[in-house]
Amino acid sequence: MKKLNLRLFRLLKNSKGQFIAVTAVIIIGLLIYTSMNMAHINLKSTVNYYYDKTNFSDIFVQVSKIPKKEVDKLNKLPQINKAEGRIVYDVPLKVDKGREKVKVRVISIPENNQVNSLYMIEGQGIENKNKDVLVLEQFTKARGLNIEDNIVPQMGGKQYSLNIKGIVASPEYVYLMENEQTLLPQPDKFGVIYISEELAMDSMGFTNSYNEVVVKVNQGTDVEEVKEILENRLDKFGVKRIYTKDEQLSNRMITEEIEGLKKTSSSVPLVFLFVAAVIIAVILSRMVKNDRTSIGVLKALGYKNSDIILHYMKYSILIGLVGSIFGITLGILLSGYMTKMYIQFFNIPMLRVKFYYSYMISAIFISVLFCMTAGLWGTRKILKIVPAESMRPEPPKSGTRIFLEKIGVIWDRLSFSWKMVFRNIFRNKKRFIFISFGIALTFSVIFLPLNSMDAIVSIFYDHYGEFQTMDYNITFTKPLNERVLTDIKNIVDVEKIEPKIEYPFRITNGHREKVVNIIGLKENTSFYNFNNIKDQKINLPSSGIILSEGLANYLDVKVGDMVKIENFIPEKEDIYIEVKDIVRQSLGINGYMNIDYMRDKLTDEEMITGVYLDSDDRVKIKLDDAKQISSIQSLQDMREVFNEFLDLTIYSISITVLFGGILGFAIIYTSTSLGISERRLEFSSLRVMGFSKNDIYNLITRENIFMTILGILLGIPLGKYMIVFLEKNFSTEIYTLYIKTSLLTYVETILLTIFFIVLAQLATFKKINKLDFIEALKSRIT
Amino acid sequence: MQNNALMKIRDISKEYQMGEVKVKALQDVSFDIQEGEFVVILGPSGSGKSTLLNIIGGMDTPDNGKVFLRDLEITKFNDKKLTKYRREKIGFVFQFYNLMANLTAKENVELATEICKDSLDVNQVLEDVGLSDRKNHFPSQMSGGEQQRVAIARAVAKNPLLLLCDEPTGALDYKTGISILSLLNRVNKQYGKTVVVITHNAAIANMADKVVRMRSGKIIKIEHNDSPVAPERIEW
Chain G
1082 MKKLNLRLFR LLKNSKGQFI AVTAVIIIGL LIYTSMNMAH INLKSTVNYY YDKTNFSDIF
1142 VQVSKIPKKE VDKLNKLPQI NKAEGRIVYD VPLKVDKGRE KVKVRVISIP ENNQVNSLYM
1202 IEGQGIENKN KDVLVLEQFT KARGLNIEDN IVPQMGGKQY SLNIKGIVAS PEYVYLMENE
1262 QTLLPQPDKF GVIYISEELA MDSMGFTNSY NEVVVKVNQG TDVEEVKEIL ENRLDKFGVK
1322 RIYTKDEQLS NRMITEEIEG LKKTSSSVPL VFLFVAAVII AVILSRMVKN DRTSIGVLKA
1382 LGYKNSDIIL HYMKYSILIG LVGSIFGITL GILLSGYMTK MYIQFFNIPM LRVKFYYSYM
1442 ISAIFISVLF CMTAGLWGTR KILKIVPAES MRPEPPKSGT RIFLEKIGVI WDRLSFSWKM
1502 VFRNIFRNKK RFIFISFGIA LTFSVIFLPL NSMDAIVSIF YDHYGEFQTM DYNITFTKPL
1562 NERVLTDIKN IVDVEKIEPK IEYPFRITNG HREKVVNIIG LKENTSFYNF NNIKDQKINL
1622 PSSGIILSEG LANYLDVKVG DMVKIENFIP EKEDIYIEVK DIVRQSLGIN GYMNIDYMRD
1682 KLTDEEMITG VYLDSDDRVK IKLDDAKQIS SIQSLQDMRE VFNEFLDLTI YSISITVLFG
1742 GILGFAIIYT STSLGISERR LEFSSLRVMG FSKNDIYNLI TRENIFMTIL GILLGIPLGK
1802 YMIVFLEKNF STEIYTLYIK TSLLTYVETI LLTIFFIVLA QLATFKKINK LDFIEALKSR
1862 IT
Chain P
30 MQNNALMKIR DISKEYQMGE VKVKALQDVS FDIQEGEFVV ILGPSGSGKS TLLNIIGGMD
90 TPDNGKVFLR DLEITKFNDK KLTKYRREKI GFVFQFYNLM ANLTAKENVE LATEICKDSL
150 DVNQVLEDVG LSDRKNHFPS QMSGGEQQRV AIARAVAKNP LLLLCDEPTG ALDYKTGISI
210 LSLLNRVNKQ YGKTVVVITH NAAIANMADK VVRMRSGKII KIEHNDSPVA PERIEW
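Chains as they are written, first to last, in my numbering: chain G, 1082 to 1863; chain P, 30 to 265.
Structure representation (C-alpha cells):
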C-alpha cells in the first residue's frame, strides 16, 4: 500500500467513531433515496402493469338507467375502445351476528367481461348465473370467507343466498374504500361482490338496462374529450356522476401514495447528504489545520499539492463510497420489503419488481458528489500552506476580550469556569454556530415526525368530533320524504336529529371543475362546526354555498365568487350560486348549503337523503332491518378503526425519529470529538495545572448546555417552517393538513434532542479519559 | 560564474511580515557550496540561517537574488518545478524530526522514497543509520535520537544531491547529538553527499569543511577548514 494511503488508513482507525457517524448519516440518506425511489418506481410499474392487464377503464359514468342498446351504440364511437354497461348497487349483507352492519357493493359482470376485468385468485368464474358469486379478496380475508361458502346479500329488498365460486382482485378496488369520507378501508364492513348480469337485472329491476357505464378509450385519445362527448350523449339517461380514472378513489389513493414516496425520496435524502457534507468539510478542514506541519513535511519531501489534496480527499471519497455501498444495499433490501408491503396493502395480485441500476448509479454519483465537494471545500487551505512557514509554530491566537466582557454587570457575576466557557464559545464562533445549527436541525428532524403524528391524529379528531359532532350519520338507499324523521324517532330514542341532503353535483369555476357532494343542513345545525380559514367560527348562511378549503383551492375561488353548479338530477337546471365562505375541513372536500335553499335551488321539496342523530340508544341494532337505510356510520366505530391504524403509524414515525436522532448524534459527536482533539493542548495544560477530569467534563458540558439551549431555540422556528412546508406539500384532495403542535410534542422533541446530545457527549468523554496529557504536551506533530 | 560549485547563492534578500513587524531575515547573502562539502551555517537564533536553508531547499523563495543548482536557476522555478526539485535533489532533516506519527520508521522512509526515481534501498539505509532492528516501530516508541536517525534515513534514502539539516541536534542531548553528527559525517564521507547543517552551536563548526557565520541576516565570515575534526571529538 502507498504510504500515504497507509497513513490515511491508520488515521481512520484512530478516529473510527467520527468516520462511522458521518457514514451512518450518508447511509441513511441513501437508504431513503434508493428504497423510496425503487419502491416508488416498482409500485408504479406494478400498478400500471396491473391496470394494463385488467383493462382498467378510463371513464366511469353513473346514470339513472341506460338501455343496453345505447351502450352498444357507444361502442361504435371511434374514440371508444370498449364500453361496458353494468349494474352497481350498495346493498346490505345478511350476517350471522345480528348487530353487525355489513354492506357490499354488488357489481354485475357481463359474460365476456373486458373492461375492469377481474383477476382470479382462487376458484373459477360464474357458472350458475343465478347462484354463483365472485367476491373481492380483501373482503373474503377480512371476513374469513372461502370458496363454496354462502353469502346472503339483500338485493332489491329480497335476500339471495349465493355461492362463492371465486375469489377475485379488481383494479377498481386495489384500495377498498366505500367513499371519500371513509378515510380508512374497513374490509370487514364493506366489500365488493360480482354477480351475473342476468341475476343483477332480475334482482334489481333493470330489464335490459344498466346504471353505470365503464369506458376504455382508444389509445392516443384525449380522455377529457371523450368524457364531454359521453356527458352530452348520456344526459338524457340521467347522468349522476361522471369521472375519469384520475378521479377514481382507489386509483387516487394509490397515486397519492406513489407521489408521496417520490416527494420524500427527492427531498429527505438531500437533507442527510447535506448534513454529512458539512460534517465532512468541517472534519477535513480541522484535520488540515492540525496537520499543518505534516503537510509542510510532505511538501518538503516533494509531494505535489494535488497529491496531498487527494490524500485528504480520499477520506471523504471513502465515506461516500462506503456510505453508498451500505446505503444502497440496505435500500435495495428495504425497497423489496416496502414494495411487497405496499402491494399487499393495496391488494395488487401481481408484482413487477425490476432492478433499477440507474438509481444505484445516481445514488453513488450523488453521494460521491456531495462528499467530493465537501472534501474540496475542507482541503482548500492545503494550497496555502507554505512548507517553510508550516515548520514554525503558529503565532498564538489574538486573545482579545469577548463581547460579553464589556457588559460588566453580567461578566463580573460569572464564576471563573463560566468565564472560560463563554470565552471558548465566543472565540470559536464557527464551531459554535456549526454545533448550534446541528442541534437545531436535529430538533426539527425529530419535531417533524412527531408533528405528523399530531397531524394524523388531528385530521381525524378534527373531522370526527370537532367538525362533525353527530354520533350517527345515516344514509338512505334513495331520497325520502322528510316525514321519515318521525318514523326514526319512533324506533330509536334520539336526543337530537336533523335531516340532511348529500348529493353529488359538478361545481365549475372557469376551467376548473370538480364533482363533489354538496351537503344540505338545517339552518342552525348543531352537528357541524364551521370555522373559516382564519379559524373563526361561522354559521351556515341561509343562502349561497360554503366550500371546504381544499375544494376552494382546487377550484381557485374566493369568497364572493359565483360558481356554476351542474345538476345530475334529470330535468333540473344548472345554476350559479355565490360562495359565501370558505371553511376548514381536514378530511375530504365538500360544499355546504342551507337545506331549504338547496331544495329550492337544486333538489325537490321535502326531500332528504339521510339523517344525523345523537342517541344513547342501540341505534345500529334497532335500525338494522330498516330497508331504506344504506349505511349507519357511528363515531365510535370510526375511532376504533382509526386507533388500529394509528398503531401502524407509530412504528414508521419511530423510525423517522431514530433517523433524526442519528443525524443529531453524528453532528454532536463529530463536532465535540473534533473539539477535544483540537483542544488536547488546552485540556492538557489544564490537567497539568491541576484540573481534574471531571472539571474538564464540566467545562465541555457547560459549553454544550449553552449550545443546546441556543440550538433548540433556533430549532423551534426551523421546525415550524418545515411544518408549513409539510402542510403545503403533503395536503391532498382527500385530506388537508392543519397542524397544531401540542405542548407535549415540544416537550417530547426537546427531551429526545437532549437524549441524543447526551448520548453523543458520553461517547466523546471516552476520548478525554484516554487523553494522555503529558504526551499531548510533548508531541507537536501528528 | 565560471566556477563548478554545486550551489551558487547570489545576493539573496528576504523580508518577513511577523504579525505587525517587518523582519529582514536575509540581506544580500552570497556564497557557494561545493560538491561533497560538509557546510555548517553558524549563527544565533534569528540570524536568518533557517530562512537561508529553506530558500536553498526550494521551500521558500527570496525577495531578491538568485540561487543556482549548477547551471539551473532555481529561483526562477515555478511551484511545480520547485516541488520536483525538492523531490529529486534535496533531503531535509528537521530539528523536531517531523516524522509521520502513524507510520513506522521504515514506512516513514518509504514515504519519501516512493516518489523518487533513484532512491536507495530502504533497508540498507536503515541499517546504515543503525536502526535495522527498530524499523517497525512507530515514532512514539522511539527516542529522540532514534527519531532523528529515521529522519536522516528518510533524507538520505531519497539519494538527493544535497542534504539540508536544520538544527539536527537542537532537540537532543549531548551524547545523542554527537552520534547524529557522526552519522551525518558518515553520510557525507560514505555516500559522498553534500551536507549543509545549520546550527547555533559553534562547536559543531569544527567538523565542517566550510563554515558560514551569520548574524542579523548577513554573512559575516566564511571560513574554510582544511582539517575538520571528527565529530566524536567535538565537545560542548
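All residues carry an ideal CB built from backbone N, CA and C; glycine is no exception.
Take the Cβ of residue 1243 of chain G as the centre, count every other Cβ of all protein chains shown within 10 Å, and call the residue buried at 16 or more, exposed below.
Taking the first sequence and counting its residues from 1, one reaches residue 1243 of chain G at position 162. So residue 1243 of chain G ends up on the buried side.
Which residues in chain P have a C-beta closer than 9 Å to the C-beta of residue 1375 of chain G? List them in chain order.
Locating residue 1375 of chain G in the first sequence gives position 294, counting from the first residue. Per Cβ cutoff of 9 Å: 127, 129, 130.
Grouping DSSP H, G and I as helix and E and B as strand, with all else coil, what is residue 226 of chain P?
Looking up residue 226 of chain P in the second sequence gives position 197. Residue state, collapsed to three classes: strand.
Grab me the residues of residue 1584 of chain G's own chain with a C-beta within less than 7 Å of its C-beta, minus the 5 sequence neighbours each way, in chain order.
Position 503 of the first sequence, counted from the first residue, corresponds to residue 1584 of chain G. Once the five neighbours on either side are set aside, the close Cβ partners of residue 1584 of chain G are 1598, 1599, 1684, 1690.
Report, in whole angstroms, the separation of the C-beta atoms of residue 1709 of chain G and residue 1558 of chain G, which I expect to be a contact under 8 Å.
Residue mapping note: residue 1709 of chain G aligns to position 628 of the first sequence, counting from 1. Residue mapping note: residue 1558 of chain G aligns to position 477 of the first sequence, counting from 1. Rounded, the Cβ-Cβ distance is 5 Å, consistent with contact.
Give the single residue among G/1240, G/1388, G/1819, G/1351 whose Cα lies nearest to the Cα of residue 1869 of chain G.
The shown model of chain G, from 1082 to 1863, leaves out residue 1869 of chain G, and the question about it has no answer.
Report back the beta-carbon spacing between residue 122 of chain P and residue 195 of chain P to the nearest angstrom; my notes put them in contact at under 8 Å.
Here residue 122 of chain P refers to the residue found at position 93 when the second sequence is read from its first residue. Here residue 195 of chain P refers to the residue found at position 166 when the second sequence is read from its first residue. Contact holds; Cβ gap of about 7 Å.
Three or more beta-carbon pairs under 8 Å between the stretch 1210 to 1222 of chain G and the stretch 1157 to 1167 of chain G, yes or no?
As far as the Cβ criterion goes, the stretch 1210 to 1222 of chain G does not touch the stretch 1157 to 1167 of chain G, which means the pair count is below three.
Closer than 7 Å by C-beta to residue 200 of chain P: which residues in its own chain qualify, once you throw out the five before and the five after it? Chain order, please.
Residue mapping note: residue 200 of chain P aligns to position 171 of the second sequence, counting from 1. Once the five neighbours on either side are set aside, the close Cβ partners of residue 200 of chain P are 124, 125, 173.
Rounded to whole angstroms, what is the Cα-Cα separation between residue 1780 of chain G and residue 1520 of chain G?
To locate residue 1780 of chain G, count along the first sequence from 1; it is residue 699. To locate residue 1520 of chain G, count along the first sequence from 1; it is residue 439. Approximately 19 Å between the Cα atoms of the pair.
When burial is assigned at 16 or more other CB atoms within 10 Å of the CB, is residue 1682 of chain G buried or exposed?
As a working mapping, residue 1682 of chain G is identified with position 601 in the first sequence. So residue 1682 of chain G ends up on the buried side.
Which residue from G/1223, G/1665, G/1358 puts its Cα closest to that of residue 1616 of chain G?
Start at 1 with the first residue of the first sequence, and residue 1616 of chain G comes out as number 535. It is G/1665 whose Cα lies nearest to the Cα of residue 1616 of chain G.
Between residue 1367 of chain G and chain P, is the shortest Cβ-Cβ distance under 7 Å, so that the two count as touching?
The residue given as residue 1367 of chain G occupies position 286 in the first sequence. No - not a single Cβ of chain P is within 7 Å of the one on residue 1367 of chain G.
Straight-line CA distance for residue 1939 of chain G to residue 1102 of chain G?
Since the first and last residues shown for chain G are 1082 and 1863, residue 1939 of chain G lies out of range.
Beta-carbon separation of residue 1143 of chain G and residue 1293 of chain G under 7 Å?
For the purposes of this step, residue 1143 of chain G is taken as the residue at position 62 of the first sequence. For the purposes of this step, residue 1293 of chain G is taken as the residue at position 212 of the first sequence. Yes, the Cβ-Cβ distance between residue 1143 of chain G and residue 1293 of chain G is below 7 Å.
Could you confirm whether any beta carbon from chain P is found closer than 7 Å to the beta carbon of residue 1378 of chain G?
Residue numbering aside, residue 1378 of chain G sits at position 297 when the first sequence is read from its first letter. Yes - at least one Cβ of chain P is within 7 Å of the one on residue 1378 of chain G.
Assess, as a yes-or-no matter, whether the stretch 1379 to 1392 of chain G is touched by the stretch 1137 to 1155 of chain G under the definition of 3 or more beta carbon pairs within less than 8 Å.
With the cut-off at 8 Å, the stretch 1137 to 1155 of chain G and the stretch 1379 to 1392 of chain G do not touch.
For the stretch 86 to 98 of chain P, which residues have a beta carbon sitting closer than 8 Å to at least one beta carbon of chain G?
Correct list: 86, 88, 89.
Examine chain P for any beta-carbon lying closer than 7 Å to the beta-carbon of residue 1863 of chain G, and answer yes or no.
Within the first sequence, numbered from 1, the residue matching residue 1863 of chain G stands at position 782. Any reading at residue 1863 of chain G is ruled out, since the residue's pLDDT is 38, under 50, leaving its predicted position unreliable.
Mind checking if residue 54 of chain P is an interface residue toward chain G, Cβ cutoff 7 Å exclusive?
As a working note, residue 54 of chain P is residue 25 in the second sequence. No, residue 54 of chain P lies away from the interface with chain G (no Cβ there is under 7 Å from its Cβ).
Please return the same chain residues whose Cβ sits closer than 7 Å to the Cβ of residue 1863 of chain G, not counting the five positions on each side in sequence.
For the purposes of this step, residue 1863 of chain G is identified with residue 782 of the first sequence, where counting begins at 1. Reliability fails at residue 1863 of chain G, whose pLDDT of 38 lies under 50, so the model's placement of it is uncertain and the value that follows must be treated cautiously. Around residue 1863 of chain G: 1371, 1372, 1375.
Beta carbon of residue 1400 of chain G, beta carbon of residue 1104 of chain G: below 7 Å?
Looking up residue 1400 of chain G in the first sequence gives position 319. Looking up residue 1104 of chain G in the first sequence gives position 23. The answer is yes: Cβ separation under 7 Å.
Strictly under 7 Å for the Cβ-Cβ distance: is residue 141 of chain P near chain G by that measure?
Mapped onto the second sequence, residue 141 of chain P falls at position 112. Interface residue, yes.
With DSSP run on the structure shown, which of helix, strand or coil describes residue 1544 of chain G?
As a working mapping, residue 1544 of chain G is identified with position 463 in the first sequence. Three-state result, residue 1544 of chain G: helix.
To the nearest angstrom, report how far apart residue 33 of chain P and residue 87 of chain P are at their CA atoms.
The count along the second sequence starts at 1 and reaches residue 33 of chain P at position 4. The count along the second sequence starts at 1 and reaches residue 87 of chain P at position 58. Rounded to whole angstroms, residue 33 of chain P to residue 87 of chain P spans 20 Å at the Cα level.
Cβ atoms of residue 1645 of chain G and residue 1635 of chain G: under 7 Å apart, would you say?
Taking the first residue of the first sequence as 1, we reach residue 1635 of chain G at position 554. Taking the first residue of the first sequence as 1, we reach residue 1645 of chain G at position 564. No, these two residues do not count as a Cβ contact at 7 Å.
Among the candidates G/1553, G/1789, G/1127, G/1291, whose CA atom is the shortest distance from the CA of residue 1422 of chain G?
Position 341 of the first sequence, counted from the first residue, corresponds to residue 1422 of chain G. Taking only the C-alpha atoms, the option nearest residue 1422 of chain G is G/1127.
Which residue wins for smallest C-alpha separation from residue 1431 of chain G, given the options G/1347, G/1201, G/1837?
Counted from its first residue, the first sequence places residue 1431 of chain G at position 350. If we check each option's Cα against that of residue 1431 of chain G, G/1201 comes out closest.
Can you have a look at residue 1436 of chain G and say buried or exposed, based on whether 16 or more other CB atoms are within 10 angstroms of its CB?
For this step, residue 1436 of chain G is matched to residue 355 along the first sequence. Under this definition residue 1436 of chain G is an exposed residue.
Comparing the C-beta of residue 1747 of chain G with each C-beta of chain P, is any distance below 7 Å?
Here residue 1747 of chain G corresponds to residue number 666 of the first sequence, with the count starting at 1. No, residue 1747 of chain G does not count as interfacial toward chain P.
Return no unless some Cβ of chain G is closer than 7 Å to the Cβ of residue 121 of chain P.
Here residue 121 of chain P is taken as the residue at index 92 of the second sequence, counted from 1. So, interface residue.
Under 7 Å, Cβ to Cβ, is there at least one residue of chain G near residue 136 of chain P?
Along the second sequence, one-based indexing puts residue 136 of chain P at 107. So, interface residue.
Under a Cβ-count criterion, where at least 16 other Cβ atoms within 10 Å of its own Cβ denotes burial, should residue 1271 of chain G be classed as buried or exposed?
Residue mapping note: residue 1271 of chain G aligns to position 190 of the first sequence, counting from 1. Classification for residue 1271 of chain G: buried.
Going by other Cβ atoms of all chains shown within 10 Å of its Cβ, with 16 needed for buried, is residue 1592 of chain G buried or exposed?
The residue you call residue 1592 of chain G lines up with position 511 of the first sequence. Per the 10 Å Cβ criterion, exposed.
Please state if the CB of residue 134 of chain P and the CB of residue 166 of chain P are separated by a distance shorter than 7 Å.
Your numbering for residue 166 of chain P matches position 137 in the second sequence. Your numbering for residue 134 of chain P matches position 105 in the second sequence. Cβ atoms of residue 166 of chain P and residue 134 of chain P: closer than 7 Å.
Give a yes or no on whether 7 Å exceeds the smallest Cβ distance from residue 1091 of chain G to chain P.
Mapped onto the first sequence, residue 1091 of chain G falls at position 10. Closer than 7 Å: yes.
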